[in-house]
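Residue numbers for the sequence shown follow the numbering used here, so the first one is 388 and each next one is one higher. Here the structure is laid out as structure tokens; the discussion comes afterwards.
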Amino acid sequence: MLVSAKEMLDKAKAGHYAVGHFNINNLEWTKSILSVAQEMNSPVILGVSEGAGKYMTGYKTVAAMVKAMLEEMGITVPVALHLDHGSYEGCKKCIEAGFSSIMFDGSHFSIEENIEKTKELVALAHANGMSLEAEVGSIGGEEDGVVGAGEFADPNECKMIADLGVDFLAAGIGNIHGKYPANWPGLNFDVLAKVQEKTGNLPLVLHGGTGIPADMIQKAINLGVSKINVNTECQLAFADATRKYIEAGKDLEGKGFDPRKLLAPGAEAIKATVREKIELFGSANKA
Ligand SMILES: [Zn+2]
């Protein structure tokens with residue numbers, strides 16, 4: 388059964404570890420992530436961007452697939468199905484489709500409009516037993532057409548949004564989506580510490596988890612980050628393993644062209660990435 392992400396993240400914040408949010412794109416992605424979470428006895432959040440939702444033919448398809456997989460695979464660890472960087476309309480669709488958590492990304496609106504829309508969606512999400520993530524200070528880089536300039540969140544604005552009763556908060560601290568450039572200055576821990584000070588027990592979210600060095604991840608968790616989003620890293624691992632399979636000519640040997648064989652190395656590579664992240668975030672055996 389799908390659960391809201393509130394309880395697992397409150398527990399993570401209190402226990403000083405983070406829960407991984409892994410974006411899904413299709414059946415292979417979902418199956419790989421769920422099997423590793425179960426194997427490691429870890430809570431997990433499956434993230435769906437609006438683009439990925441569209442790719443999979445719609446949120447209803449995604450919710451139905453994930454719910455059926457939990458049952459067919461015998462998954463017993465807590466799993467949240469979460470809309471990633473949702474628009475106002477997208478959030479409403481996911482509430483109807485049976486997701487268990489949503490992110491409303493109002494970071495590109497004025498703080499007044501962000502507050503107004505977040506407030507309305509918090510009430511709607513909570514009435515449906517779902518958790519809601521809000522965002523202050525856009526995340527840099529590009530994800531499914533959502534381009535952020537990589538601002539630092541204003542701690543006072545974070546407090547204003549936190550006071551609306553949101554369940555967890557994404558605050559820009561110099562993190563970006565996609566691969567980090569060689570001249571990236573790193574996470575800004577001063578901003579993170581100030582945000583944490585203003586928002587107290589509220590779990591904080593770190594987007595753009597791909598390629599952040601392990602020591603920075605640890606420090607961020609110590610400063611109150613309880614959810615870390617990983618997307619690009621699984622994509623790179625999948626592409627790399629698939630390339631190796633094809634370049635080795637394995638698709639030309641016997642029935643190597645069978646999609647179940649062709650996609651297997653990529654699926655295994657996703658599993659290895661998820662295993663490594665769950666280890667690093669400290670959520671193994673916390674289900
Ligand atoms: Zn993000």
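Each residue gets a CB set at the ideal place from its N, CA and C atoms; glycine is no exception. Please read all numbers here as calculations on a predicted model, not as lab measurements.
Spanning the alpha carbons of V582 and G438 requires a straight line of approximately 30 Å. Distances taken from the Cβ of G653 to the heavy atoms of ligand 1 include none shorter than 7 Å. Under DSSP, F625 shares a beta bridge with no residue.
DSSP places V435 within a strand segment (E or B) once states are collapsed to three. Contact between the stretch 419-429 and the stretch 603-619 is not established, with fewer than three Cβ pairs separated by less than 8 Å. Checking the 7 Å criterion, the Cβ of N570 is out of range of every heavy atom belonging to ligand 1. Under the three-state reduction of DSSP output, G653 falls in the helix class.
Of G402, S391 and G407, the smallest CA-CA separation from K664 is found for G407. The continuous beta strand (DSSP E) containing V406 extends over residues V406 to N410.
For G473, the three-state secondary structure derived from DSSP is strand. Taken through DSSP and simplified to helix, strand or coil, V582 comes out as helix. Apart from the 5 residues on each side of it in sequence, S391 sits with its Cβ closer than 8 Å to the Cβ of A467, S487, S488, G516, M517, S518 and D554 in its chain, given in chain order.
A check of alpha carbon separations from G587 across K606, I599 and L556 identifies L556 as the nearest. Boundaries cannot be given for E640, as no alpha helix (DSSP H) includes it and DSSP labels it neither H nor E.
Per DSSP, the unbroken alpha helix (DSSP H) holding K418 starts and ends at L414 to E426. Counting every other CB atom within 10 Å of its CB across the protein chains shown gives P590 a total of 16 or more, marking it as buried. For K614, the enclosing beta strand (DSSP E) covers residues V612 to V617. According to the DSSP assignment, L591 belongs to the beta strand (DSSP E) that extends over L591 to L593. Between the alpha carbons of A659 and A549 lies a gap of roughly 35 Å. E520 counts as buried, since at least 16 other C-beta atoms from the protein chains shown sit within 10 angstroms of its C-beta. With a cutoff of 7 Å, D397 does not count as near ligand 1, since its C-beta is closer than that to no heavy atom of the ligand.
In this structure, N672 lies near N428, with their beta-carbon atoms less than 8 Å apart.
For A635, no alpha helix (DSSP H) run applies, since DSSP gives it neither H nor E. In terms of CA proximity to E426, P465 leads the group G573, K614 and P465. DSSP places M490 inside the beta strand (DSSP E), whose first and last residues are S488 to F491. Proximity of the beta carbon of D577 to ligand 1 is not indicated: no heavy atom of the ligand is located closer than 7 Å.
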